[in-house]
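Everything on this sheet refers to the single structure shown next.
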Amino acid sequence: MMLLLQLFWEFFKTGLFAIGGGLATLPFLYDLADRTGWFTAQQLTDMIAVSESTPGPIGVNTASYVGFLTAGIPGSVIATLGLVTPSIIIILIIARFLTAFGENKYVKGAFYGLRPASTALIAAAGLSVAQVVFIGDTSSVFTFLDWRALILAAVLLVCTRWVPKVKDLHPIVFIAFSALVGIIFGFAA
Amino acid sequence: MLLLELFLTFAKVGVMTFGGGYAMLPILQREVVENKKWATDEELADYFAIGQCTPGVIAVNTATFIGRKTAGVPGGIIATLGVVFPSIVIITALAGVIQMFAENPIIRNAFAGIRVCVCVLILNSVIKLGKSSIKDMWTAGIFAIILLLAFFTNLSPIIFVLLAGVCGVVLKSLEAKKK
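Protein chains in written order, with the working numbering: chain Y, 1 to 189; chain G, 1 to 179.
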């Protein structure tokens with residue numbers, strides 16, 4: 001029981017101080033590994049790789065895994081709840097504020113600037129993924145770009161934007177298709 | 001009933017998110033904006049901006065916002081529980097074999113393919129969001145500058161969000177004065 005409370009508290013703190021998305025939780029988790037010995041830094045590093053290969057937000061996946069290592073299934077649930085509790089409280093307060101002041105001209109002005117900024121941050125995150133995906137072996141000009149990945153991206157772009165009917169399919173269809181192409185053509189190699 | 005619908009929809013979004021919080025955006029646009037009409041593209045952009053500068057996982061923050069807007073405080077809590085539920089189940093189920101899972105060549109190849117798809121889906125989402133957020137020369141300028149800074153520097157997104165908010169207030173005030 002003590003351990004579960006402690007888990008909740010440690011992940012509550014992580015959720016409270018990690019600003020800017022799931023990856024921002026990692027420094028806090030390395031520190032937690034150091035202080036408590038609940039899990040090792042190596043396990044955490046492995047978990048980052050695993051998080052990228054399972055569905056769900058990386059911060060949440062990592063909390064579930066670390067909680068499981070520490071205290072089994074209850075640990076997994078408690079660590080995740082600890083991580084999201086500060087977010088829920090803070091966002092509910094902000095949402096209340098927005099409902100009350102959403103029509104205020106300063107708040108409206110702020111969002112006029114925030115929306116393109118938010119779009120740009122998402123685009124930048126997409127570019128970072130693209131960098132990893134499309135840049136191949138930088139030792140030669142011929143292998144600099146990963147052609148197979150580029151061809152798949154071109155096909156997907158055409159299918160998701162221009163091909164009638166196909167473009168209205170659920171995004172998960174394209175994700176499944178890409179997974180299949182990745183397996184058939186050995187994309188990770 | 002609405003709470004159950006919120007939980008199930010966000011659990012579905014959680015299952016379909018591969019590759020971190022941003023990859024959730026295309027799925028949110030489909031499930032929450034187009035299918036359920038619980039939020040608009042503009043609101044999604046707002047939530048992501050606020051999620052960048054408040055603590056916690058962005059996907060969770062966005063779920064709380066949409067849930068609260070749809071069904072009040074209980075809605076916010078239920079939507080958040082929905083979005084994390086699949087993670088808990090999948091990770092706990094895989095915990096014993098998680099090492100093998102990450103090193104399995106089939107899984108690695110599949111995810112290498114999925115990452116390509118995530119790039120394209122994010123591009124599509126950005127185009128959709130851009131249509132509602134980039135309305136004139138000023139907003140186009142803010143988009144371009146922040147895109148360059150965010151990609152080429154390691155500055156915290158909080159700085160960009162705060163700066164853009166201040167720019168927005170100043171630009172709107174100047175515009176009001178002119179009239």
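Virtual Cβ for every residue (Gly too), placed ideally from N, Cα, C.
This structure is a prediction, so every number in the text was calculated from the model and none was measured.
- Taking the beta carbon of G/Lys172 as reference, the chain Y residues within 9 Å of it are Lys105, Tyr106, Lys108, Gly109, Ala110, Tyr112 and Gly113, listed in sequence order.
- Y/Ala71 places its beta carbon less than 8 Å from that of Y/Leu4.
- Counted as a single uninterrupted DSSP element, the stretch harbouring G/Met1 is not any alpha helix (DSSP H), since DSSP gives it neither H nor E.
- Under the rule that a run must span 4 or more residues, the alpha helix (DSSP H) segments found entirely inside the region 31-116 of chain G read 41-53, 58-94 and 98-103.
- Using beta-carbon distances, Y/Ala124 counts as an interface residue toward chain G, with a partner under 8 Å.
- Against chain G, a Cβ distance below 7 Å from Y/Thr143 picks out nothing, because the smallest value is about 16 Å.
- Looking at the DSSP output, Y/Ile78 sits in no beta bridge, so it has no partner there.
- Taking C-beta atoms as the reference points, G/Ala45 and G/Leu155 fail to come closer than 8 Å.
- Within the model, the alpha-carbon separation for Y/Glu10 versus Y/Leu32 is close to 8 Å.
- Note that the C-beta distance between G/Ala59 and G/Val32 is not below 8 Å.
- For G/Ile88, the closest C-alpha among the options Y/Pro57, Y/Gly113, Y/Arg115 and Y/Thr160 is that of Y/Pro57.
- Legend: CB atoms of the region 53-70 of chain Y lying less than 8 Å from CB atoms of chain G belong to residues Ser53, Thr54, Pro55, Gly56, Pro57, Ile58, Gly59, Val60, Asn61, Ser64, Tyr65, Phe68 and Leu69.
- Note: Y/Pro116 is not bridge-paired with any residue in the DSSP secondary-structure output.
- Here Y/Ile93 is exposed. Its C-beta has fewer than 16 other C-beta atoms within 10 Å.
- In the three-state reduction of the DSSP assignment, Y/Phe144 falls in the coil class.
- Taking Y/Val60 as reference, the option from G/Phe85, G/Asp41, G/Lys179 and G/Leu163 with the minimal CA-CA separation is G/Phe85.
- Only residues of its own chain outside the window of five on either side were considered, and among them Leu94 and Ile107 have a CB closer than 8 Å to the CB of G/Phe101, listed in chain order.
- Not flagged as an interface residue toward chain Y: G/Ala39, since no C-beta distance is shorter than 8 Å.
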